[in-house]
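Engineer: Numbering (the numbering used here), first residue to last: 1 to 234.
The beta carbon of each residue, even a glycine, is placed where N, CA and C say it ideally should be.
Got a structure here, written out as structure tokens. Questions coming.
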């Protein structure tokens with residue numbers, strides 16, 4: 001009379017009965033996945049806000065608004081305005097320090113330098129945590145694979161102590177090992193997709209900011225000889 005071996009193959013049982021190294025791998029992947037999703041949603045709102053603020057400021061700027069009024073608004077609400085408005089505020093603040101008669105090259109070099117400094121800080125802020133998503137996306141599958149290999153090694157080691165091995169003896173060890181691979185992919189795929197999307201979005205914003213810096217520089221250069229007349233720029 002044959003004996004039927006039954007095993008509990010529920011996910012909870014497989015995880016709880018896994019070896020300690022495999023459990024540590026699963027815990028690490030779970031934490032990486034949770035942190036990744038936090039950054040994914042946070043970055044999504046940040047980039048959407050920046051795109052909205054950039055569109056609005058460009059529309060106002062190129063409608064011929066008073067530069068002094070734009071500067072006062074940006075300076076008074078520096079913590080809530082978008083990156084493009086901060087870039088403009090830094091450049092215009094540097095520009096109005098100079099009086100008539102100052103060398104045009106000196107004025108514009110200082111103005112561009114101020115805008116470039118703010119531009120770099122804003123890009124660092126927008127690109128923050130993208131490297132973490134890239135790391136999770138590239139490393140997680142290998143971490144999961146390590147857990148899988150370790151689990152399979154343990155499964156075959158236990159089989160060496162059994163005279164008649166059946167699929168019922170092998171299945172639990174293989175299943176718990178493959179969970180690590182699945183968790184690695186679960187952590188990696190969203191991180192890779194989000195990184196590619198946000199890297200593209202920040203790259204487009206960077207291009208818009210750089211173009212804006214050149215355009216503002218040209219506008220201010222035409223006014224550098226008369227810095228008090230800044231009510232129109234088109």
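Contact between the segment 74–93 and the segment 43–56 is defined here as three or more beta-carbon pairs at a separation below 8 angstroms; is this criterion met?
Structural biologist: Verdict: yes, contact present.
Engineer: Tell me which same chain residues have a C-beta within less than 6 angstroms of the C-beta of residue 112, skipping the five on either side of it?
Structural biologist: Excluding sequence neighbours, residue 112 sits near 217.
Engineer: When the distance is taken between beta carbons, is residue 32 closer than 9 angstroms to residue 140?
Structural biologist: Closer than 9 angstroms, so yes.
Engineer: In or out: residue 106 buried (at least 16 other Cβ within 10 Å) or exposed?
Structural biologist: Answer is exposed; the Cβ neighbour count stays below 16.
Engineer: Using the rule of at least 16 other Cβ atoms within 10 Å of the residue's Cβ for burial, across every protein chain shown, is residue 182 buried or exposed?
Structural biologist: Exposed is the call here.
Engineer: Hey, how far is the Cα of residue 2 from the Cα of residue 196?
Structural biologist: Reliability fails at residue 2, whose pLDDT of 43 lies under 50, so the model's placement of it is uncertain and no value is given.
Engineer: Is residue 77 helix, strand or coil when you go by DSSP?
Structural biologist: Looking at residue 77 - three-state DSSP - the assignment turns out to be coil, as it is neither helix nor strand.
Engineer: Are at least three pairs of beta-carbons, each pair with one atom in the segment 118–132 and one in the segment 146–154, less than 8 angstroms apart?
Structural biologist: Taking 8 angstroms as the limit for Cβ pairs, the verdict is that the segment 146–154 does not touch the segment 118–132.
Engineer: So the alpha helix (DSSP H) residue 124 belongs to, where does it begin and stop?
Structural biologist: Looking at the DSSP string, the run of the alpha helix (DSSP H) that includes residue 124 is 104–126.
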